[in-house]
Amino acid sequence: MASNFDLYVERHHTDSDKWHKYEDKEIIPLWVADSDFKSPIAVIDALQKRVAHGVFGYGYPSPELVEVFIQRMRQRYQWDVKPEWLVFLPGLVCGLNLCVRALTTPEQGTIAPHPIYPPFMKAARFANRNQVSAPVKLQNKRWVLDLEATENQLSGSEKLLMLCNPQNPGGTVYRRHELAAQLDFAQRHNLIVCSDEIHCDLLLDEGLEHIPFASLSEDAAQRSVTLMSPSKTFNIAGLGASIAVIPNAALRHRFTEARAGIVPSVDILAYVAATAAYKDGDEWLAEQLTYLRGNRDLVMERINAIPGLKLMPVEATYLAWIDASGLAVTNPHAFFEQAGVGLSPGSDFGNPNFVRLNFGCQRALLDQALTRMANAVATLPALA
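First residue of the sequence shown? That's 114 in the working numbering, and the numbers climb one at a time after it.
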């Protein structure tokens with residue numbers, strides 16, 4: 114049965130962080146990367162069956178989950194993953210933090226794209242590690258890493274390169290030659306690579322392919338930690354199920370030692386949801402991607418028709434990185450919030466002239482939000 118992504122699911126006065134932020138306010142929440150779609154029925158049914166069992170003790174990743182994940186990597190990416198490479202985590206953000214703490218010393222630094230998903234920057238700050246900002250630049254209307262500009266900033270103490278593919282917030286899907294350049298950069302500077310690939314299933318441009326960094330070569334595999342999760346793909350982020358793929362045994366040992374006694378095991382319901390999603394969720398995923406493409410196209414058309422706003426093509430994710438530098442406002446996030454649309458402030462990602470819009474929602478709600486944004490900008494004086 115086809116899923117109805119136009120179905121409005123009431124999330125006011127629930128345990129939703131996304132909607133609670135603006136509880137009892139006339140503000141449409143389009144900020145945190147949490148979609149408003151019901152998860153696949155296969156996931157819901159599997160959870161209900163497990164809940165009916167009635168006992169919720171400590172769990173472990175089942176052989177079935179391990180196998181469906183390995184099969185997925187092989188079928189989708191031609192990447193042969195071994196079971197012993199997998200470390201299951203209760204979320205991807207803790208994986209970013211573990212990479213920084215386990216794979217660098219206090220004297221060693223990190224390198225991260227800029228702008229970037231905020232936990233990349235926070236992970237270095239929390240661990241008291243220096244971080245070099247690798248600028249992301251526009252090239253042929255795509256946000257790509259400027260490795261040449263990054264090179265000029267290095268001191269030689271850097272040890273960890275943190276990548277994000279597809280890129281959040283820019284929505285870029287890196288091509289093979291671009292990933293090869295990132296690998297060459299890592300080799301020349303003797304870097305370990307942490308690759309956040311949480312949005313890898315949400316490719317919007319047909320014909321594009323996701324290429325795991327670790328699949329480039331044996332060298333890439335041995336110097337990398339790949340972070341993946343079904344959470345964004347199937348809207349189960351609140352359950353917390355992520356996977357670190359670490360082929361190098363020494364790196365894996367350091368990673369697991371750093372998490373011992375601090376990062377808990379994955380919840381058994383998260384294991385159940387992840388298994389069902391990977392095993393039986395692909396038909397739902399295909400339908401979701403069709404719907405998201407329609408939302409993406411609507412956002413592209415409407416945002417680029419608003420004077421002072423610019424949006425480059427979004428190749429993946431359900432996130433739009435909107436350039437608001439052409440508006441006659443000092444704080445675009447506050448401006449649109451006052452207009453009744455709650456976006457993510459660009460300052461969180463490293464550029465206050467931008468806002469990030471989450472279009473993983475019902476199209477009618479998205480249309481309403483875009484209308485509010487257009488009406489608000491229409492009240493501003495035109496810039497000379």
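Quick reminder that beta carbons are idealized off the backbone N, C-alpha and C, glycines included.
Distance between P203 and H133 (C-alpha atoms, nearest Å): 23 Å
Residue ranges of each beta strand (DSSP E) run of no fewer than 3 residues wholly in the stretch 394-465, ordered along the chain? 432-436
Decide yes or no for the touch test of the stretch 424-435 against the stretch 309-320: beta carbon pairs closer than 8 Å, at least 3 of them. yes
Classify P248 as helix, strand or coil using the three-state DSSP reduction. Here P248 sits in strand by DSSP.
Over what stretch of residues does the beta strand (DSSP E) that includes A357 continue unbroken? S355 to V358
Burial state of S328, where buried means 16 or more other Cβ atoms lie within 10 Å: buried
Status (buried if at least 16 other CB within 10 Å, exposed otherwise) for V249: buried
Here's the rule I'm using: 16 or more other beta-carbon atoms within 10 Å means buried, otherwise exposed. How should L493 be labelled? exposed
Cβ contact check for the stretch 288-296 and the stretch 239-254: 3 or more pairs under 8 Å: They do not touch, by the three-pair rule.
Alpha helix (DSSP H) containing N488: first to last residue? R476 to A491
Assigned secondary structure, D297 (DSSP; H/G/I helix, E/B strand, else coil): helix
Out of curiosity, what's the CA-to-CA distance linking I324 and E310? 9 Å
Among residues of its own chain, excluding the 5 on either side of G353, which ones have a beta-carbon nearer than 7 Å to its beta-carbon? P203, G204, V379, D380 and A383
Please state the DSSP three-state secondary structure of E264. helix
Residue span of the alpha helix (DSSP H) that contains T346, given as start and end: S344 to F347
So within the stretch 184-254, which uninterrupted alpha helix (DSSP H) runs reach at least 4 residues, ignoring any that extend past its ends? 206-216 and 231-239
Kindly indicate which three-state DSSP category V376 falls into: helix, strand or coil? coil
Is the beta carbon of G439 sitting closer than 8 Å to the one on G421? For G439 and G421, yes; Cβs fall inside 8 Å.
Short Cβ contact (8 Å threshold) for S337 with I356: Contact: no.
With a cut-off of 8 Å, do at least 3 Cβ pairs link the stretch 176-184 to the stretch 258-274? no
Quick test of the definition: if touching needs 3 or more C-beta pairs under 8 Å, does the stretch 468-475 touch the stretch 398-412? yes
Delimiting residues of the alpha helix (DSSP H) encompassing V156: I154 to H166
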